[in-house]
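Encoded as structure tokens, the structure appears first; notes follow it.
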Amino acid sequence: MIAAFRDLCLDANDPQKVGAFWAAVLGRTAEEAGQGDGVTPDVFLQAGPDGGPSIFVNGVPEPKSGKVRLHVDVTLEPGQEIPDLLKLGATVVSEPAEQRWWVLADPEGHEFCAFPPESDATNDADAEV
């Protein structure tokens with residue numbers, strides 16, 4: 537091993553909005569973490585009890601352009617459904633077809649896959665996001 541995974545970082549025009557979204561989705565607390573773009577404070581989400589990584593949402597001036605080649609996968613907790621994510625500000629990119637997961641986007645368009653609680657499916661290299 538050469539390195540250990542440290543953090544997940546997302547760029548956003550509105551780090552507070554994106555940070556609040558991911559905090560609500562993952563059950564974490566969003567904290568201010570400095571002035572990334574010099575105007576809007578960055579947001580930090582501490583690693584959760586699920587062992588997932590810490591997340592930084594960094595303020596940037598330019599909007600997202602094009603498809604991001606890295607995305608997050610989440611598994612819904614029992615009793616939670618896609619409409620719960622939509623209420624938080626997610627939008628539908630694509631509904632399940634042959635696969636069992638939904639492709640959604642956070643409030644600034646970062647795509648992510650949402651798996652049902654009972655899913656044993658994985659989003660492999662052939663999946664389009």
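Going by the numbering used here, the residue at position 110 of the sequence shown is 646; the numbering climbs one at a time, nothing skipped.
Even for Gly, the Cβ is constructed at its ideal location relative to N, Cα and C.
On a predicted model such as this, the values are computed, not experimentally measured, just so you know.
Where residue i falls: helix, strand or coil (DSSP)
| i | result |
| --- | --- |
| V561 | helix |
| G625 | coil |
| I538 | coil |
| D543 | strand |
| A569 | coil |
| A556 | helix |
| D662 | Bear in mind that a pLDDT of 45 at D662, under 50, signals an unreliable position, so the number given afterwards is only what the model happens to contain. Here D662 sits in coil by DSSP. |
| G584 | coil |
Start and end residues, beta strand (DSSP E) containing residue i
| i | result |
| --- | --- |
| V594 | Before going on, a small fix: residue 594 reads as Asn here, not Val. Counting along the chain, the beta strand (DSSP E) containing N594 begins and ends at 590-595. |
| L606 | No beta strand (DSSP E) contains L606, which DSSP labels as neither H nor E. |
| L581 | 579-581 |
| A654 | Before going on, a small fix: residue 654 reads as Glu here, not Ala. No beta strand (DSSP E) contains E654, which DSSP labels as neither H nor E. |
Residue(s) in a DSSP beta bridge with residue i
| i | result |
| --- | --- |
| W637 | The partner list for W637 (beta bridge, DSSP) is empty, contrary to what the question assumes. |
| T611 | F651 |
Within-8 Å CB hit, residue i to chain B
| i | result |
| --- | --- |
| G584 | Checking the listed chains, one finds no chain B in this structure; it contains a single protein chain. |
Does the stretch 583-592 come into contact with the stretch 627-644, if we say contact requires no fewer than three beta-carbon pairs (one atom in each stretch) closer than 8 Å?
no
Evaluate contact between the stretch 618-626 and the stretch 599-607, counting only Cβ atoms and requiring at least three cross-stretch pairs below 8 Å.
no
Counting pairs of beta carbons, one from the stretch 637-645 and one from the stretch 546-565, are three or more of them closer than 8 Å?
yes
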